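Colleague:
Protein chains: 2
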Amino acid sequence: MSLRHALLGLLADRPSSGYDLMKLFDTTLASVWKATQSQVYGELTRMTDAGLVEVAAEGPRGRKEYALLPDGRAELQRWLTTPAQPQPLRSEWMLRVFFLGFLPAEQAREQLEGMAEAEARQIVELEALLASRDWTGDPLSVSGRLVLEYGLRGSAMKQEWARWALGELPAS
Amino acid sequence: MSLRHALLGLLADRPSSGYDLMKLFDTTLASVWKATQSQVYGELTRMTDAGLVEVAAEGPRGRKEYALLPDGRAELQRWLTTPAQPQPLRSEWMLRVFFLGFLPAEQAREQLEGMAEAEARQIVELEALLASRDWTGDPLSVSGRLVLEYGLRGSAMKQEWARWALGELPAS
DNA sequence: AGAAACATGTAAGGTGTTACATGATTCG
DNA sequence: CGAATCATGTAACACCTTACATGTTTCT
Numbered sequence: 577m578s579l580r581h582a583l584l585g586l587l588a589d590r591p592s593s594g595y596d597l598m599k600l601f602d603t604t605l606a607s608v609w610k611a612t613q614s615q616v617y618g619e620l621t622r623m624t625d626a627g628l629v630e631v632a633a634e635g636p637r638g639r640k641e642y643a644l645l646p647d648g649r650a651e652l653q654r655w656l657t658t659p660a661q662p663q664p665l666r667s668e669w670m671l672r673v674f675f676l677g678f679l680p681a682e683q684a685r686e687q688l689e690g691m692a693e694a695e696a697r698q699i700v701e702l703e704a705l706l707a708s709r710d711w712t713g714d715p716l717s718v719s720g721r722l723v724l725e726y727g728l729r730g731s732a733m734k735q736e737w738a739r740w741a742l743g744e745l746p747a748s
Numbered sequence: 577m578s579l580r581h582a583l584l585g586l587l588a589d590r591p592s593s594g595y596d597l598m599k600l601f602d603t604t605l606a607s608v609w610k611a612t613q614s615q616v617y618g619e620l621t622r623m624t625d626a627g628l629v630e631v632a633a634e635g636p637r638g639r640k641e642y643a644l645l646p647d648g649r650a651e652l653q654r655w656l657t658t659p660a661q662p663q664p665l666r667s668e669w670m671l672r673v674f675f676l677g678f679l680p681a682e683q684a685r686e687q688l689e690g691m692a693e694a695e696a697r698q699i700v701e702l703e704a705l706l707a708s709r710d711w712t713g714d715p716l717s718v719s720g721r722l723v724l725e726y727g728l729r730g731s732a733m734k735q736e737w738a739r740w741a742l743g744e745l746p747a748s
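Going line by line, the protein sequences match chains A and B.
With the working numbering applied, the first sequence closes on residue 748, and no number is skipped along the way.
With the working numbering applied, the second sequence closes on residue 748, and no number is skipped along the way.
This is the structure:
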């Protein structure tokens, strides 16, 4: 249940409302873990019941500011120090590639070209993001920089792979 | 619903039983899409109800051999030619990296080193797989080779990234 | 005053995981 | 004859997505 751990991690940085947390998922965590509004609010309620977090303050418009409790901090530490299991991959992109042979050569090429272009656009976006912020200072900035670099290298790899794969395809 | 499309693709190559399909998920498709036994059997029943596949033959031990119907083939083609949407990433690895700053420097290093080692092992495995088969011939072999190369490049990227990240971490 | 942003929640339906449950056939 | 493999299925539970539903505060 990584959603729970993502929330614990964000709350370890600072107390936040469900609304704040949602925005963090849509922005800083976007390339790492995604979550919907329903999920965030529901999980916060369950975490409160489980004694991991508490409503530390209430604000205007029914705002509830959640803060980490000792059990929550302990669970976060436990998770961070447990060696991660190799994760089962599920890539719709690669699933399509696997069945590329069922398409006429021309259409197979188009798919790969589209993939290379999508990654090129992604790189432009990530580089803009890299230039737009100061990545030194607090811990989440430093690791945010690590994650961003991972995204950049991943996109570059995919793009290069797609171009290589075009050469491997039987000529159209 | 990519499980459905994965099954359609495999059945387009050859008629198979649920048991056969499961093995394909565990072996050739392991790095691309994973599925459990429950899922495969359940989805095959739903696909039969939807008129995409049929039980073309029955064998010993209650074996049911499924084959693609015209509607199933059409759905596979439709899926393959629809441009893929950018997929929301969910990487538990990167989520952990994002919160690495909450660990003492020494333990953060250990996590990154563990990651680099895991990828090194993966590369050895994939290279053995690459050497063990003939990757020319039928369409699924050719694209299987493309997918394998993707896995290799992905692991190399992750390994290099982890080593770079070690250098970015504040010294312990 | 109206729009945008803030703020929370529920419900239905889909997808995935784990565990249970059963039996037939083949191979040594 | 016993073990391994072949072969299918169900049930409970966890998790995720989409859509609906509602109300407040701030800004222009």
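Don't be surprised by glycine CBs; every beta carbon is placed ideally from N, CA and C.
If you're wondering where the values come from, they're calculated on a predicted model, not measured in any experiment.
Measuring alpha carbon to alpha carbon, tell me which of LYS734(A), PRO591(A), ARG709(A), GLU634(A) ends up nearest LEU728(B).
Modeller: Comparing Cα-Cα distances from LEU728(B) to each of LYS734(A), PRO591(A), ARG709(A), GLU634(A), the minimum goes to LYS734(A).
Colleague: Measure from the C-beta of LEU676(B) to each C-beta in chain A and report whether the shortest distance is under 9 angstroms.
Modeller: LEU676(B) counts as touching chain A.
Colleague: Mapping DSSP to helix, strand and coil, what is VAL700(A)?
Modeller: Looking at VAL700(A) - three-state DSSP - the assignment turns out to be helix.
Colleague: Going by DSSP, which residues form a beta bridge with GLN599(A)?
Modeller: At residue 599(A) the sequence reads Lys, which differs from the Gln that was named. BP columns for LYS599(A) are empty, so no partner.
Colleague: Indicate whether LEU671(B) and ALA738(B) have their beta-carbon atoms separated by less than 9 angstroms.
Modeller: In this structure, ALA738(B) does not lie closer than 9 angstroms to LEU671(B) by Cβ.
Colleague: I want to verify the contact list: residues of chain B whose CB lies under 9 angstroms from the CB of GLU725(A), in sequence order.
Modeller: Chain B residues near GLU725(A): TRP737, TRP740, ALA741, GLU744.
Colleague: Using a Cβ-Cβ distance cut-off of 9 angstroms, determine whether VAL700(B) contacts chain A.
Modeller: With 9 angstroms as the cut-off, VAL700(B) does not count as an interface residue toward chain A.
Colleague: For the stretch 659 to 672 of chain B, which residues have a beta carbon sitting closer than 8 angstroms to at least one beta carbon of chain A?
Modeller: Of all residues in the stretch 659 to 672 of chain B, PRO659, ALA660, PRO662, GLN663, PRO664, LEU665, ARG666, SER667, GLU668, TRP669, MET670, LEU671, ARG672 have a Cβ within less than 8 angstroms of some Cβ in chain A.
Colleague: Would the beta-carbon of GLU693(A) fall within 9 angstroms of that of SER731(A)?
Modeller: In this structure, SER731(A) does not lie closer than 9 angstroms to GLU693(A) by Cβ.
Colleague: Under 9 angstroms, CB to CB, which of the residues in the stretch 585 to 609 of chain B have a partner in chain A?
Modeller: Within the stretch 585 to 609 of chain B, the qualifying residues are GLY585, LEU586, ALA588, ASP589, THR604, LEU605, ALA606, SER607, VAL608, TRP609.
Colleague: Return helix, strand or coil for ALA692(A), following the three-state DSSP convention.
Modeller: Reduced to three states, the DSSP call for ALA692(A) is helix.
Colleague: For SER614(B), does the count of other Cβ atoms within 10 angstroms reach 16, so buried, or fall short, so exposed?
Modeller: By the 10 Å Cβ count, SER614(B) comes out exposed.
Colleague: Of the residues LEU722(B), GLU736(B), ALA704(B), which one's Cα is nearest the Cα of THR712(B)?
Modeller: With distances taken between Cα atoms, THR712(B) lies closest to LEU722(B).
Colleague: At a CB-CB cut-off below 7 angstroms, which residues of chain B make contact with GLY730(A)?
Modeller: Per Cβ cutoff of 7 angstroms: MET733.
Colleague: Nearest CA to the CA of ALA633(B): which residue from LEU742(B), PRO664(B), ALA643(B), LEU586(B)?
Modeller: For ALA633(B), the nearest C-alpha among the options comes from ALA643(B).
Colleague: Report the residue from GLY585(A), GLU736(A), TYR726(A), GLU744(A) whose alpha carbon sits nearest the alpha carbon of ARG654(A).
Modeller: When each option's Cα is compared against that of ARG654(A), the closest is GLY585(A).
Colleague: Using a beta-carbon distance below 9 angstroms, is GLN687(A) in contact with chain B?
Modeller: At least one chain B Cβ lies under 9 angstroms of GLN687(A).
Colleague: For the beta strand (DSSP E) that contains LYS734(A), what are its first and last residues?
Modeller: Where LYS734(A) is concerned, there is no enclosing beta strand (DSSP E), although the alpha helix (DSSP H) it sits in stretches over 715 to 744.
Colleague: Can you name the start and end residues of the beta strand (DSSP E) that VAL608(A) belongs to?
Modeller: Unbroken run through VAL608(A): none, as it is neither H nor E.
Colleague: Just curious, the alpha helix (DSSP H) that ALA582(A) is in, first and last residue?
Modeller: Note, ALA582(A): alpha helix (DSSP H), 578 to 589.
Colleague: Compare the C-beta of ALA582(B) with all C-beta atoms of chain A and state if any pair is closer than 9 angstroms.
Modeller: Yes, ALA582(B) counts as interfacial toward chain A.
Colleague: Nearest by alpha-carbon distance to PRO715(A): which of PHE675(A), ARG590(A), GLU736(A), TRP740(A) is it?
Modeller: The residue with the shortest Cα to Cα distance from PRO715(A) is ARG590(A).
Colleague: Report the three-state DSSP secondary structure of LEU706(A) (helix, strand or coil).
Modeller: Looking at LEU706(A) - three-state DSSP - the assignment turns out to be helix.
Colleague: Say whether chain B places a C-beta atom closer than 9 angstroms to the C-beta of GLY648(A).
Modeller: So, not an interface residue.
Colleague: Under 8 angstroms by Cβ, that's how I've got THR657(B) and GLN683(A) pegged, so tell me the actual separation to the nearest angstrom.
Modeller: Confirmed, Cβ separation roughly 6 angstroms.
Colleague: Quick check on SER614(A): does DSSP put it in helix, strand or coil?
Modeller: If DSSP states are grouped into helix, strand and coil, SER614(A) belongs with the helices.
Colleague: How would you write the range of the alpha helix (DSSP H) that ALA643(B) sits in, first residue to last?
Modeller: Where ALA643(B) is concerned, there is no enclosing alpha helix (DSSP H), although the beta strand (DSSP E) it sits in stretches over 640 to 644.
Colleague: Taking all protein chains shown into account, decide if ALA650(A) is buried (16 or more other Cβ within 10 angstroms of its Cβ) or exposed.
Modeller: The residue in question, ALA650(A), is exposed, as its Cβ has fewer than 16 Cβ neighbours within 10 Å.
Colleague: Taking C-alpha atoms, which residue in LEU587(B), ARG666(B), SER578(B), ASP602(B) lies nearest to VAL608(A)?
Modeller: Among LEU587(B), ARG666(B), SER578(B), ASP602(B), the Cα nearest to that of VAL608(A) belongs to ARG666(B).
Colleague: Determine, using beta carbons only, whether VAL631(A) comes closer than 9 angstroms to chain B.
Modeller: Taking Cβ atoms only, chain B never reaches closer than 9 angstroms to VAL631(A), which makes this a no.
Colleague: Let me make sure I understand the geometry here. Which of LEU583(B), TYR726(B), ARG685(B), VAL718(B) has the alpha-carbon closest to that of PRO659(A)?
Modeller: The shortest C-alpha separation from PRO659(A) is found at ARG685(B).
Colleague: Quick one: list the residues of chain A neighbouring PRO715(B), beta-carbon separation under 9 angstroms, in chain order.
Modeller: Result: PHE675, LEU676, GLY677, PHE678.
Colleague: Name the chain A residues whose beta carbon is nearer than 8 angstroms to that of ALA694(B)?
Modeller: Correct list: PRO662.
Colleague: So which residues of chain B does GLY720(A) contact, with C-beta pairs closer than 8 angstroms?
Modeller: Simply PHE674.
Colleague: By how many angstroms is the C-alpha of LEU706(B) removed from the C-alpha of LEU679(A)?
Modeller: Taking the straight line joining both Cα atoms gives about 24 angstroms.
Colleague: State the beta-bridge partners of VAL673(A) as determined by DSSP.
Modeller: For VAL673(A), which the question treats as bridged, DSSP gives no partner whatsoever.
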